[in-house]
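Protein chains: 4
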Amino acid sequence: MKVAFLGLGVMGYPMAGHLLKAGHEVTVYNRTAGKARKWVEEHGGAMENDPAAASKGAAIVFACVGNDGDSIDVATAALAGMGEGSVYVDHTTTSAACAEEIAGRAAERGVGFVDAPVSGGQAGAEKGALSIMCGGSNADLTTVSPVMDNYAKRIVHIGPVGHGQLCKAVNQICIAGLLQGLSEAVHFGSRAGIDMDRVREAVSGGAAQSWQMENRWATMNRGEFDFGFAVDWMRKDLRIALDEAGRHGASLPVTALVDQFYAEVQESGGRRWDTSSLVSRLNKKPS
Amino acid sequence: MKVAFLGLGVMGYPMAGHLLKAGHEVTVYNRTAGKARKWVEEHGGAMENDPAAASKGAAIVFACVGNDGDSIDVATAALAGMGEGSVYVDHTTTSAACAEEIAGRAAERGVGFVDAPVSGGQAGAEKGALSIMCGGSNADLTTVSPVMDNYAKRIVHIGPVGHGQLCKAVNQICIAGLLQGLSEAVHFGSRAGIDMDRVREAVSGGAAQSWQMENRWATMNRGEFDFGFAVDWMRKDLRIALDEAGRHGASLPVTALVDQFYAEVQESGGRRWDTSSLVSRLNKKPS
Amino acid sequence: MKVAFLGLGVMGYPMAGHLLKAGHEVTVYNRTAGKARKWVEEHGGAMENDPAAASKGAAIVFACVGNDGDSIDVATAALAGMGEGSVYVDHTTTSAACAEEIAGRAAERGVGFVDAPVSGGQAGAEKGALSIMCGGSNADLTTVSPVMDNYAKRIVHIGPVGHGQLCKAVNQICIAGLLQGLSEAVHFGSRAGIDMDRVREAVSGGAAQSWQMENRWATMNRGEFDFGFAVDWMRKDLRIALDEAGRHGASLPVTALVDQFYAEVQESGGRRWDTSSLVSRLNKKPS
Amino acid sequence: MKVAFLGLGVMGYPMAGHLLKAGHEVTVYNRTAGKARKWVEEHGGAMENDPAAASKGAAIVFACVGNDGDSIDVATAALAGMGEGSVYVDHTTTSAACAEEIAGRAAERGVGFVDAPVSGGQAGAEKGALSIMCGGSNADLTTVSPVMDNYAKRIVHIGPVGHGQLCKAVNQICIAGLLQGLSEAVHFGSRAGIDMDRVREAVSGGAAQSWQMENRWATMNRGEFDFGFAVDWMRKDLRIALDEAGRHGASLPVTALVDQFYAEVQESGGRRWDTSSLVSRLNKKPS
Ligand SMILES: NC(=O)C1=CN([C@@H]2O[C@H](COP(=O)(O)OP(=O)(O)OC[C@H]3O[C@@H](n4cnc5c(N)ncnc54)[C@H](OP(=O)(O)O)[C@@H]3O)[C@@H](O)[C@H]2O)C=CC1
Ligand SMILES: NC(=O)C1=CN([C@@H]2O[C@H](COP(=O)(O)OP(=O)(O)OC[C@H]3O[C@@H](n4cnc5c(N)ncnc54)[C@H](OP(=O)(O)O)[C@@H]3O)[C@@H](O)[C@H]2O)C=CC1
Ligand SMILES: NC(=O)C1=CN([C@@H]2O[C@H](COP(=O)(O)OP(=O)(O)OC[C@H]3O[C@@H](n4cnc5c(N)ncnc54)[C@H](OP(=O)(O)O)[C@@H]3O)[C@@H](O)[C@H]2O)C=CC1
Numbered sequence: 001m002k003v004a005f006l007g008l009g010v011m012g013y014p015m016a017g018h019l020l021k022a023g024h025e026v027t028v029y030n031r032t033a034g035k036a037r038k039w040v041e042e043h044g045g046a047m048e049n050d051p052a053a054a055s056k057g058a059a060i061v062f063a064c065v066g067n068d069g070d071s072i073d074v075a076t077a078a079l080a081g082m083g084e085g086s087v088y089v090d091h092t093t094t095s096a097a098c099a100e101e102i103a104g105r106a107a108e109r110g111v112g113f114v115d116a117p118v119s120g121g122q123a124g125a126e127k128g129a130l131s132i133m134c135g136g137s138n139a140d141l142t143t144v145s146p147v148m149d150n151y152a153k154r155i156v157h158i159g160p161v162g163h164g165q166l167c168k169a170v171n172q173i174c175i176a177g178l179l180q181g182l183s184e185a186v187h188f189g190s191r192a193g194i195d196m197d198r199v200r201e202a203v204s205g206g207a208a209q210s211w212q213m214e215n216r217w218a219t220m221n222r223g224e225f226d227f228g229f230a231v232d233w234m235r236k237d238l239r240i241a242l243d244e245a246g247r248h249g250a251s252l253p254v255t256a257l258v259d260q261f262y263a264e265v266q267e268s269g270g271r272r273w274d275t276s277s278l279v280s281r282l283n284k285k286p287s
Numbered sequence: 001m002k003v004a005f006l007g008l009g010v011m012g013y014p015m016a017g018h019l020l021k022a023g024h025e026v027t028v029y030n031r032t033a034g035k036a037r038k039w040v041e042e043h044g045g046a047m048e049n050d051p052a053a054a055s056k057g058a059a060i061v062f063a064c065v066g067n068d069g070d071s072i073d074v075a076t077a078a079l080a081g082m083g084e085g086s087v088y089v090d091h092t093t094t095s096a097a098c099a100e101e102i103a104g105r106a107a108e109r110g111v112g113f114v115d116a117p118v119s120g121g122q123a124g125a126e127k128g129a130l131s132i133m134c135g136g137s138n139a140d141l142t143t144v145s146p147v148m149d150n151y152a153k154r155i156v157h158i159g160p161v162g163h164g165q166l167c168k169a170v171n172q173i174c175i176a177g178l179l180q181g182l183s184e185a186v187h188f189g190s191r192a193g194i195d196m197d198r199v200r201e202a203v204s205g206g207a208a209q210s211w212q213m214e215n216r217w218a219t220m221n222r223g224e225f226d227f228g229f230a231v232d233w234m235r236k237d238l239r240i241a242l243d244e245a246g247r248h249g250a251s252l253p254v255t256a257l258v259d260q261f262y263a264e265v266q267e268s269g270g271r272r273w274d275t276s277s278l279v280s281r282l283n284k285k286p287s
Numbered sequence: 001m002k003v004a005f006l007g008l009g010v011m012g013y014p015m016a017g018h019l020l021k022a023g024h025e026v027t028v029y030n031r032t033a034g035k036a037r038k039w040v041e042e043h044g045g046a047m048e049n050d051p052a053a054a055s056k057g058a059a060i061v062f063a064c065v066g067n068d069g070d071s072i073d074v075a076t077a078a079l080a081g082m083g084e085g086s087v088y089v090d091h092t093t094t095s096a097a098c099a100e101e102i103a104g105r106a107a108e109r110g111v112g113f114v115d116a117p118v119s120g121g122q123a124g125a126e127k128g129a130l131s132i133m134c135g136g137s138n139a140d141l142t143t144v145s146p147v148m149d150n151y152a153k154r155i156v157h158i159g160p161v162g163h164g165q166l167c168k169a170v171n172q173i174c175i176a177g178l179l180q181g182l183s184e185a186v187h188f189g190s191r192a193g194i195d196m197d198r199v200r201e202a203v204s205g206g207a208a209q210s211w212q213m214e215n216r217w218a219t220m221n222r223g224e225f226d227f228g229f230a231v232d233w234m235r236k237d238l239r240i241a242l243d244e245a246g247r248h249g250a251s252l253p254v255t256a257l258v259d260q261f262y263a264e265v266q267e268s269g270g271r272r273w274d275t276s277s278l279v280s281r282l283n284k285k286p287s
Numbered sequence: 001m002k003v004a005f006l007g008l009g010v011m012g013y014p015m016a017g018h019l020l021k022a023g024h025e026v027t028v029y030n031r032t033a034g035k036a037r038k039w040v041e042e043h044g045g046a047m048e049n050d051p052a053a054a055s056k057g058a059a060i061v062f063a064c065v066g067n068d069g070d071s072i073d074v075a076t077a078a079l080a081g082m083g084e085g086s087v088y089v090d091h092t093t094t095s096a097a098c099a100e101e102i103a104g105r106a107a108e109r110g111v112g113f114v115d116a117p118v119s120g121g122q123a124g125a126e127k128g129a130l131s132i133m134c135g136g137s138n139a140d141l142t143t144v145s146p147v148m149d150n151y152a153k154r155i156v157h158i159g160p161v162g163h164g165q166l167c168k169a170v171n172q173i174c175i176a177g178l179l180q181g182l183s184e185a186v187h188f189g190s191r192a193g194i195d196m197d198r199v200r201e202a203v204s205g206g207a208a209q210s211w212q213m214e215n216r217w218a219t220m221n222r223g224e225f226d227f228g229f230a231v232d233w234m235r236k237d238l239r240i241a242l243d244e245a246g247r248h249g250a251s252l253p254v255t256a257l258v259d260q261f262y263a264e265v266q267e268s269g270g271r272r273w274d275t276s277s278l279v280s281r282l283n284k285k286p287s
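This is the structure in structure tokens:
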């Protein structure tokens, strides 16, 4: 199938690669052209210098860029090149309002739209094992799912346009509270001077268990954060969640609080640290 | 082996049962004698009307009562009946200071001590699948572990006396933040009107995953809390965690906040509800 | 002096009235024309049906509308009618970025700009006793201060354009934490059953004293909130404060938390209640 | 009148001095005898080496020591020396339960009791301008008020025994939220780079005004905390407030949170800093 991929960042670069390896005819576009050139050298396929050119003739156009503004810019440009009956898939984490906005513009041109934020991080993108939460019509989902399958371990159709993004917000809300709880536990344990390896052995089989406990406990205890999902991205996502909450009359006290704790992490140099770096503001040594 | 079990509450009743079924010679004591009678009728074994009498001649005495005060009362009474070389095991969730206090009194009489709080809840106690976090000497652990094995799926020796209780505090700290995050996510999803079964399918395989998500998501979404680990117990445990934090110079902002949210749950009638009832204060309908 | 006043809401209506009473030649504009007609009937002066017409020939144009978007819309329309050397004064509470944006557009037309958010509420506007926090050049301040004096008890020049709005954000941040503290105190006192009139007598002369304690204690204790500065406005202002904080690398944990508590107040029917209604979510009776 | 004063700390030393200056016959006791000697050298009067001896024959015994435990120890010792019809006044900040406990023991000996925590700090004690919040009977209040007047600017009879302490808890709850709000405001302003002297001028006349703003703004902006009411004392008092809240079914989310922020201040070296040092954890420079 002829497809385009717009945005070859940490996530998009390997995702686009999986599509090519699966035999699709892939044209890529990246704002900074160097990355696109590198991608073509590594994988083959074609590149173009603007979204419209890259999207011309594609049955599906995938995008994975930055925030709401970026998403709308790239989509608007791409739609100009897309033909009726094609589908635009946005893997960017954005607001639901942004998804609806792009879907509206796509509809005007007879183009389908699926909001399809992902979880699984860089590792998931590279291994082709992302979870994808989708909003859109059944028809559009039917078109795009088999192609997304090349980098997904799980694709769930949540509901109409925007619901993929709302599902991603749910995901991030869960993580914020959970990571702060875990951070306080790790901080407490370190201050109390107990053997945290044994603690993990004791508690990881029960009601306190979490993916973060299994995957971040050791690094949090060692104060290592130089990997994973960056605090800057997390704050963007929490901002979206808090704004959506405002729209829907939901109250998210701990999410809002943790978002401010992340501000402290950013200020102490952690903009690119993994989200588990929440523990760093607690573990600070007296200066 | 001749053993005693003191406190036949929700947890102790089935735990003592497992010991008898495993062939140990069990004498039970319960403050309210009716429960002890019922236990003996159901399981066989013997009962006594005070802790000292029940503990006389026992190689190991197990207790599972309420809070610090209860724990010290029962232990003090029991130690009067215990012989040199025997071991006292406290399954109650208490402070580390309480464990140290009892260990000291035990030592004066040549009795060993293990603090051995459990997780796994009523179901874990009944199925004999508790996780037990232990503080004490290697020698005492070696004595008591094979017996505890009858109701444990996991026994971890964390460190010296008190470290079992500190480990339990870590467990509860993890849960407090995690459950508030989950509550906010469930609340957000319900207000946003998305299909929460599909959301769970999408998010439960990744970084937001937790035991609570797997085991409480459906009931939280339905507003069912009439089971599980009671809010009153949780507040007792969080109080312990916050006091220990004060002692060790740790700061637990979200734990302290969630503890206050539990106060609101208690006031709205939820003293015996499961800890996942945190979501109820968010989901309240306009009155 | 020939002046215009745009936006005759709760605040603007009496402010514009003070200008007329002071002898200025006032032309008013209000989106909903009925309010402008009522104003002219009551005070005299002139009205126009669009901002540009109202602003034509005015030496100073004052506006007091809703949020950032409203502010930019009204300013853009008004500037089209304003002559070189005139000054636009925005009394709306907006972001500093919004102030800078309007100042930029004004400068292009040779028009001065002052951001001049106010505090003092409806009562302050009616009595002509507002505090005005200004951002702009000395020259522009010199032009507009004598005119604003007609409804001000205090005019402070904080700094360049935007600094008036940042000062207002400081004001609202102070209030959010303070009112939550006061709410918890009132809630605590009512649950503990102590005589809150005597408590106020005892504590209002010392380190716990605040304007809110002096002016809201009695109504908070009685659960009366049908007056004052509305929760909806407060959330708008806290949103601005939190966004500015993000821009400047500041962390506002309690402000963010209280903002979410206000979401609960809104949901329980309090969108138009006074900001002291924070106490209502604590004092809820078990349902 | 023959009186005794037990505890010559920061508060008690000058309070006892005012009594002597007013012509009362004062016997003092202090655990560390050196302070009592110094006091007698400075003021005259008598000293004794234990509370009972100091209290012998006194019509009123005043105490101002540390926490609940200290309070009960000193009171118990003193009561042994007190005669029927005398009154014991406890100026220590304690729990209401502690006040009731001491009142009960006093009653057994025919001794009256007034809980009389103070506010106003060291300066208030030295100037004789404390606010005193009292719990006790009308008769006991009538006896002790004229004597306390020598160091009070305000004496309020809140209610029966314990209500003085509950009133003090209300006072501290107000301050915790208020100071955190003020800290966030000061932190925000410093990051935003606005002129904080002018901001204070603009906001201190309105709804954001507070005693803390008037008396701590300048020092908070300069990062000076080497004076005032110590963080260690504040945490003791907040612990009392949170415990009382638990007893009365009140929820104090921000009080609990701020208490944990104070833990961070303690860890960074601020145990003896003024309570306004909350701002220090926000203003930390990237390390
Ligand atoms: N329930 C759960 O899911 C879990 C509980 N725990 C912990 O286990 C402990 C027990 O919990 P659980 O079994 O649920 O509690 P229950 O309330 O069901 O049982 C408490 C038991 O302790 C006895 N008891 C309490 N105080 C005294 C006292 N002063 N003197 C003598 N006996 C006393 C009670 O006797 P009587 O029958 O006379 O009241 C009863 O047998 C607690 O510390 C709890 O935190 C830990 C993990 C999970
Ligand atoms: N109320 C208070 O106590 C205080 C309010 N403020 C701030 O002052 C501002 C005004 O508040 P208040 O007077 O209470 O608000 P109101 O809602 O009473 O009035 C708002 C005014 O703005 C007009 N308006 C809003 N949006 C637009 C638009 N897009 N185009 C044209 N006109 C518009 C409204 O017109 P229409 O009549 O057609 O709706 C109305 O005249 C707000 O920024 C508020 O935060 C500051 C301090 C205290
Ligand atoms: N400082 C302040 O600004 C304010 C303090 N308070 C409250 O007043 C009380 C006293 O505060 P402050 O004067 O500052 O405290 P200090 O630490 O300066 O003094 C405490 C006094 O109590 C004595 N003391 C403490 N424990 C015992 C004990 N177990 N037996 C005998 N004597 C004891 C100390 O004796 P020794 O000299 O031997 O140590 C000392 O005289 C506290 O409850 C505090 O919360 C209330 C309002 C303001």
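Sequences listed follow chains Y, A, R and D, in order. Under full-length UniProt numbering, the first residue of the first sequence carries the number 1, and numbering increases by one thereafter. Under full-length UniProt numbering, the first residue of the second sequence carries the number 1, and numbering increases by one thereafter. Under full-length UniProt numbering, the first residue of the third sequence carries the number 1, and numbering increases by one thereafter. Under full-length UniProt numbering, the first residue of the fourth sequence carries the number 1, and numbering increases by one thereafter. C-beta atoms are modelled at their ideal positions from N, C-alpha and C, and glycine is treated no differently.
Could you tell me whether any Cβ in chain Y is nearer than 8 Å to the Cβ of residue i?
{"i": "Trp273/A", "result": "no"}
Roughly how many angstroms separate the alpha carbons of residue i and residue j, rounded to a whole number?
{"i": "Pro117/Y", "j": "Arg109/R", "result": "45 Å"}
{"i": "Lys153/R", "j": "Arg272/D", "result": "40 Å"}
{"i": "Met148/A", "j": "Arg191/Y", "result": "30 Å"}
{"i": "Leu182/Y", "j": "Tyr88/A", "result": "32 Å"}
Please determine whether the Cβ atom of residue i lies at a distance below 7 Å from any heavy atom of ligand 2.
{"i": "Trp211/R", "result": "no"}
Could you tell me which chain R residues have their CB closer than 8 Å to the CB of residue i, listed as they occur along the chain?
{"i": "Gly249/Y", "result": "Ala263, Gln266 and Glu267"}
Can we count residue i as close to ligand 3, meaning its CB is less than 7 Å from some heavy atom?
{"i": "Gln172/A", "result": "no"}
{"i": "Arg235/D", "result": "no"}
{"i": "Lys35/D", "result": "yes"}
Just the chain A side, please: which residues come within less than 7 Å of residue i by C-beta, in chain order?
{"i": "Val156/Y", "result": "Arg198, Glu201 and Ala202"}
Under 7 Å: does the beta carbon of residue i sit that close to some heavy atom of ligand 1?
{"i": "Gly9/A", "result": "yes"}
{"i": "Phe229/A", "result": "yes"}
Going by alpha carbons, who is nearest to residue i out of the options?
{"i": "Glu224/A", "options": "Val89/A, Asn283/A and Tyr88/A", "result": "Asn283/A"}
{"i": "Gly66/Y", "options": "Asp237/Y, Thr255/Y and Gln260/Y", "result": "Asp237/Y"}
{"i": "His24/A", "options": "Ala4/A, Ala33/A, Trp39/A and Glu41/A", "result": "Ala4/A"}
Could you tell me which chain Y residues have their CB closer than 8 Å to the CB of residue i, listed as they occur along the chain?
{"i": "Asp259/R", "result": "Ala256"}
Quick one: which chain A residues come within Cβ less than 8 Å of residue i?
{"i": "Pro253/D", "result": "Leu257, Gln260 and Phe261"}
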